[in-house]
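Student: This structure is in structure tokens; I'll ask about it shortly.
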Amino acid sequence: MSLPIPIDRDRLETFARRHGIRRLSLFGSVLRDDFRPGSDVDVLVEFEPGRTPGFFRLFDMQDELSALLGGRRVDLLTRDDLSPYFRDDVVRTARAVYDAA
């Protein structure tokens, strides 16, 4: 499945390594037919142990990732940020675009 947004994999890998990201996945409308030019990009991240940033650093990372994805608004979330009501569905359907493993 191709994505409706261009992703520079080298820049994404550099971003992920610099921030201690183990896995970065996309979920939500970016993976569905209802993705539109004004849609945001939902991003799920898993950090290396001991590398989880604080709130303000996470916000800065979100802005940096937005620039990497062509200026689209980005919602950057961890598994713990997700509502327990839909967490399992998000994790199951998310598509990894970076995996350090």
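Each residue of the sequence shown is one higher than the last, beginning at 1249 in our numbering. All C-beta atoms, glycine included, are put in the ideal place defined by N, C-alpha and C.
1. Measure the alpha-carbon distance for Glu1296 versus Gly1302 and round it to whole angstroms.
2. Could you tell me whether the Cβ atoms of Arg1320 and Val1293 are closer together than 8 angstroms?
3. Please report the residue range of the alpha helix (DSSP H) in which Phe1303 lies.
4. Kindly give me the distance between the Cβ atoms of Leu1260 and Leu1316, rounded to whole angstroms, as I take these residues to be in contact under 8 angstroms.
5. Rounded to whole angstroms, what is the Cα-Cα separation between Arg1265 and Arg1257?
6. Between the Cα of Val1322 and those of Ser1277, Ser1331, Thr1341, spot the shortest distance and give me the residue it belongs to.
7. Should Leu1313 and Phe1263 be called a contact, given that it needs their Cβ atoms to be closer than 8 angstroms?
8. Do you know whose CA, among Ile1253, Thr1300, Asp1308, Val1345, lies nearest Phe1283's CA?
9. Taking 7 angstroms as the limit between beta carbons, can you name the residues of its chain near Met1309, skipping five residues before and five after?
10. Does the separation of the CB atoms of Arg1299 and Tyr1346 fall below 8 angstroms?
Tutor: Short version:
1. Taking the sequence shown and counting its residues from 1, one reaches residue 1296 at position 48. Taking the sequence shown and counting its residues from 1, one reaches residue 1302 at position 54. A straight line joining the alpha-carbon of Glu1296 with that of Gly1302 spans about 14 angstroms.
2. Looking up residue 1320 in the sequence shown gives position 72. Looking up residue 1293 in the sequence shown gives position 45. Contact: no.
3. Working through the sequence shown from its first residue, we reach residue 1303 at position 55. From DSSP, the alpha helix (DSSP H) with Phe1303 extends over 1303-1316.
4. Start at 1 with the first residue of the sequence shown, and residue 1260 comes out as number 12. Start at 1 with the first residue of the sequence shown, and residue 1316 comes out as number 68. Indeed they touch by this definition, with Cβ atoms about 6 angstroms apart.
5. Translated into the one-based positions of the sequence shown, residue 1265 becomes position 17. Translated into the one-based positions of the sequence shown, residue 1257 becomes position 9. Each residue's alpha carbon lies about 12 angstroms from the other.
6. Residue 1322 sits at position 74 when you count from the first residue of the sequence shown. Closest by C-alpha distance to Val1322, out of Ser1277, Ser1331, Thr1341, is Ser1277.
7. Against the sequence shown, residue 1313 aligns to sequence position 65. Against the sequence shown, residue 1263 aligns to sequence position 15. Yes, they are a contact pair.
8. Translated into positions along the sequence shown, residue 1283 becomes position 35. Measuring from the Cα of Phe1283, the nearest candidate turns out to be Ile1253.
9. Position 61 of the sequence shown holds residue 1309. Around Met1309: His1267, Pro1301, Leu1324.
10. By one-based count along the sequence shown, residue 1299 stands at place 51. By one-based count along the sequence shown, residue 1346 stands at place 98. In this structure, Tyr1346 does not lie closer than 8 angstroms to Arg1299 by Cβ.
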